[in-house]
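Peer 1: Taking our numbering, I'd label the letters of the sequence shown as residues 6 to 258. Ideal Cβ placement from N, Cα and C applies to all residues, glycine included.
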Amino acid sequence: ERGERLVAMAEMKELYVANTRYKKKISRRWTWIAPNTKSKNEIDYILVNKRRIVQDISVVQPFNTGIDHRLLRAKLIFDEAVEKKALQMANRKQQLKTFDEAKLKKAISGFDWSQMEKCDKDYSIFADKLRCCIKAAEIKKLKKAKGRISNEMKSLLEKRRNMKRSSDNNLEYSILCKLIRRKLKDDFKNSWKEKLLKTAESRNSLRTCKQELTQYRLSVTALKNKDGETVIDRAGMEKVCKDFCTELFKSRI
Numbered sequence: 006e007r008g009e010r011l012v013a014m015a016e017m018k019e020l021y022v023a024n025t026r027y028k029k030k031i032s033r034r035w036t037w038i039a040p041n042t043k044s045k046n047e048i049d050y051i052l053v054n055k056r057r058i059v060q061d062i063s064v065v066q067p068f069n070t071g072i073d074h075r076l077l078r079a080k081l082i083f084d085e086a087v088e089k090k091a092l093q094m095a096n097r098k099q100q101l102k103t104f105d106e107a108k109l110k111k112a113i114s115g116f117d118w119s120q121m122e123k124c125d126k127d128y129s130i131f132a133d134k135l136r137c138c139i140k141a142a143e144i145k146k147l148k149k150a151k152g153r154i155s156n157e158m159k160s161l162l163e164k165r166r167n168m169k170r171s172s173d174n175n176l177e178y179s180i181l182c183k184l185i186r187r188k189l190k191d192d193f194k195n196s197w198k199e200k201l202l203k204t205a206e207s208r209n210s211l212r213t214c215k216q217e218l219t220q221y222r223l224s225v226t227a228l229k230n231k232d233g234e235t236v237i238d239r240a241g242m243e244k245v246c247k248d249f250c251t252e253l254f255k256s257r258i
């Protein structure tokens, strides 16, 4: 009866009985000995939610616990890359959702919510019905992405886009360009500070936030010369560029 309850609990909580994965001799499986020293049973188990991390389950025979149970040992192995990715997926911010009250009431009224005799089966059916109601009534709330530039900056850019540069408005155009450069720098700085402040208030990683805010510049790490050989040192790449431009623009007359 206890074994059936353990299996039912593991199935309900989506856990795995790690002991059952590995074949061992009977003498190396039992974990409890009766007072008459004749009956030996395997009654201690290790439950995990991730089978991939369990490498082996065994009983530590030489270790004397001083009680009627033997020490059970689990060998776990962790892949740093896999676990890091799983953690990132778990911590990923979910899209905010709202629910339509009318649709929710309609979905609830469409199911029979009367109780059954068995609690486990009743709970499973109740949870499935509730998920269906939530899915039918949920409305995804789209988050408005806030850019790094302000509305004032967008207006200035639109003004410059529509302005035709000529000798009559050359001074005005130059002043506008100078203002845009200054405002753009201020907007980037304010956006950077705002995101860092929000990250600090929510107690998230400042280091990760700074990495996301970094404006990366891709640099050339290697070039091929005219012979097809790869050049990776700076002096060699400069020579490759110089030879290419000289060949490209030299006079052939």
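Does the pairing of the segment 69-84 with the segment 104-115 give three or more beta-carbon distances under 8 Å?
Peer 2: no
Peer 1: Mind checking Cys246: buried by the 16 CB within 10 Å criterion, or exposed?
Peer 2: By the neighbour-count rule (16 or more Cβ atoms within 10 Å), Cys246 is not buried but exposed.
Peer 1: Taking the alpha helix (DSSP H) that Ile180 falls in, what are its first and last residues?
Peer 2: Asn175 to Glu206
Peer 1: Under the three-state reduction of DSSP, which class applies to Gln60: helix, strand or coil?
Peer 2: It is a strand residue.
Peer 1: Beta-carbon within less than 8 Å of Leu11's beta-carbon, same chain only, minus the 5 sequence neighbours each way: which residues are those?
Peer 2: Val22 and Tyr50
Peer 1: Use the C-beta contact count for Asn24: other C-beta atoms within 10 angstroms, 16 or more gives buried, fewer gives exposed.
Peer 2: buried
Peer 1: Report, in whole angstroms, the separation of the C-beta atoms of Phe83 and Ile58, which I expect to be a contact under 8 Å.
Peer 2: 6 Å
Peer 1: May I ask which residues mark the beginning and end of the alpha helix (DSSP H) holding Leu20?
Peer 2: Here Leu20 belongs to no alpha helix (DSSP H), and DSSP marks it neither H nor E.
Peer 1: Roughly how many angstroms lie between the CA atoms of Arg239 and Leu218, to the nearest whole one?
Peer 2: 28 Å
Peer 1: Tell whether a beta-carbon distance below 9 Å holds between Lys110 and Val64.
Peer 2: No, the Cβ-Cβ distance between Lys110 and Val64 is not below 9 Å.
Peer 1: Please report the distance separating the alpha-carbon of Cys182 from that of Lys164.
Peer 2: 10 Å
Peer 1: Who are Trp37's beta bridge partners in DSSP?
Peer 2: Asn46 and His74
Peer 1: Please check the pair Leu81 and Thr36, which I expect to be a contact at CB under 8 Å, by giving their CB distance rounded to whole angstroms.
Peer 2: In fact, because the Cβ distance is near 19 Å, the residues do not count as touching under 8 Å.
Peer 1: Take Lys188 and list the residues in its own chain whose beta-carbon comes closer than 6 Å to its own, dropping the five residues that flank it on each side.
Peer 2: Met158
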